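Contents: one structure, followed by commentary.
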Amino acid sequence: MKDNGTHLYPNEHVSEKVTDYAFEHSTKLPDYITKHHAWGSDQPKAGFMISPFQTQFQIWFAKALGAKRILEIGCYIGFSALGFSEAVGPDGHVTTLEFDPEYAQIARETFEKNGVKNVEVIVGDANKSIPELALAIDQPYDLIFIDADKISYPNYLALILSLSTSTSQVRLLKSGGTIMADNILRRGVVADRSASNPNATPEELSTEKGGRAEQLVALDRFNKELVQNERLETFLLPLFDGLGMGRLKD
Ligand SMILES: C[S@@+](CC[C@H](N)C(=O)[O-])C[C@H]1O[C@@H](n2cnc3c(N)ncnc32)[C@H](O)[C@@H]1O
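Here it is, written out as structure tokens:
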């Protein structure tokens, strides 16, 4: 019987070669998206952005779903939103939520500079913006991408589900819609906190108030609530930093 291990990555060298090969053999990103990533890579919080390789996947996936309306929770400087904008096309719509007004401003300027007209940025705490948005929209979203503060992941999931029922007056995510959450493996530490995992550093495991262990607990809780919810069919994709995927059945 075949086991579940992919055995693609026996070491870092092969891992990098395979990833580079996969990147080169997937549909090329438009230049304006690549250029924004290059610019963002020189900024202090460059690590906030998903990778170009993940962007290739997300554009492909959103197009394969036929998504025309996408909600993103966590915009930063608008890099992943550019990918979603490309995926939905000019007649589609992307709403992206961002806490920090300065990041939101950079994202808006980026969209304007590149002639991107189908993305709306909402500034504020997404825990508040999501219920307000649900009341304001006239059509539900096809895809919701969660990529903001990790502590709030369980609440984002609870909000999406409670605002997307057949009996509620509002509908945030359509029936059959997809939830996709980034960083749910946290460089493997969510699955393996043992000393065998070099990413399980004392800083990552810090249980001090506000320490990163709180985020690990929230991510593990999110992963469990995703798979255990009977309204969802799920798949945890152990690619990139881990993508949690759920399809809303009702
Ligand atoms: C990982 S970054 C998003 C990166 C972006 N999706 C990309 O790949 O280009 C997370 C962003 O979420 C924002 N954020 C954190 N907490 C938030 C909250 N409660 N509501 C809205 N945005 C929040 C942060 O300011 C940060 O810009």
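The sequence shown: position 141 = 141 (full-length UniProt numbering), numbered continuously. The beta carbon of each residue, even a glycine, is placed where N, CA and C say it ideally should be. All values reported here derive from a predicted model rather than from experimental measurement.
What residue range does the alpha helix (DSSP H) around residue i cover?
i	result
F240	Note, F240: premise wrong, no alpha helix (DSSP H); not H, not E.
R212	R212 to Q228
R108	P101 to K113
F48	Unbroken run through F48: none, as it is neither H nor E.
V189	Here V189 belongs to no alpha helix (DSSP H), and DSSP marks it neither H nor E.
V88	F79 to V88
I70	It is not in any alpha helix (DSSP H) - I70 instead sits in the beta strand (DSSP E) that spans R69 to I73.
E132	A126 to A136
Straight-line CA distance for residue i to residue j?
i	j	result
S41	G47	8 Å
D142	A195	41 Å
E102	D3	47 Å
Y21	E132	43 Å
P238	L157	20 Å
K209	V217	13 Å
L219	E203	16 Å
R212	I50	20 Å
T96	A64	21 Å
T34	I73	21 Å
A67	T178	9 Å
D125	D149	10 Å
H36	T110	8 Å
S80	D192	28 Å
T201	E214	14 Å
Q43	S166	43 Å
N229	L243	17 Å
M245	E233	8 Å
F57	N223	21 Å
L173	L205	34 Å
L71	A62	12 Å
Going by C-alpha to C-alpha distance, which of the options sits closest to residue i?
i	options	result
W60	M49, A38, E86 and H37	E86
K249	K117, K45 and L161	L161
residue 258	E12, P140, I179 and F79	Residue 258 is absent from the structure shown; the chain starts at 1 and stops at 250.
I106	V121, K117, T95 and V94	V121
C75	F145, T165 and T201	F145
V170	L159, G176 and T178	L159
E225	N155, L173 and A200	N155
I77	D100, Q58, E214 and A181	D100
F235	D182, T207 and S206	D182
G115	G89, E98, V123 and P52	G89
T19	P52, T207, L82 and E98	P52
F84	L163, N127, K113 and P30	P30
R187	S164, F240, L163 and R231	F240
Label residue i either buried or exposed according to how many other C-beta atoms from any shown protein chain fall within 10 Å of its C-beta, with 16 as the threshold for buried.
i	result
A136	exposed
A134	buried
N11	exposed
L185	buried
S15	exposed
S152	buried
T119	Here residue 119 is Val; the residue named in the question, Thr, does not match the sequence. Flag for V119 reads buried.
A38	exposed
R129	In the sequence as displayed, the identity of residue 129 is Ser instead of Arg. When all chains shown are included, S129 counts as buried.
G176	exposed
Using a beta-carbon distance below 8 Å, is residue i in contact with chain C?
i	result
S15	Structure shown: chain C not included; a single protein chain is present.
For the beta strand (DSSP E) that contains residue i, what are its first and last residues?
i	result
E203	E203 -> no beta strand (DSSP E), and no H or E assigned at all.
L173	L173 to D182
D3	Unbroken run through D3: none, as it is neither H nor E.
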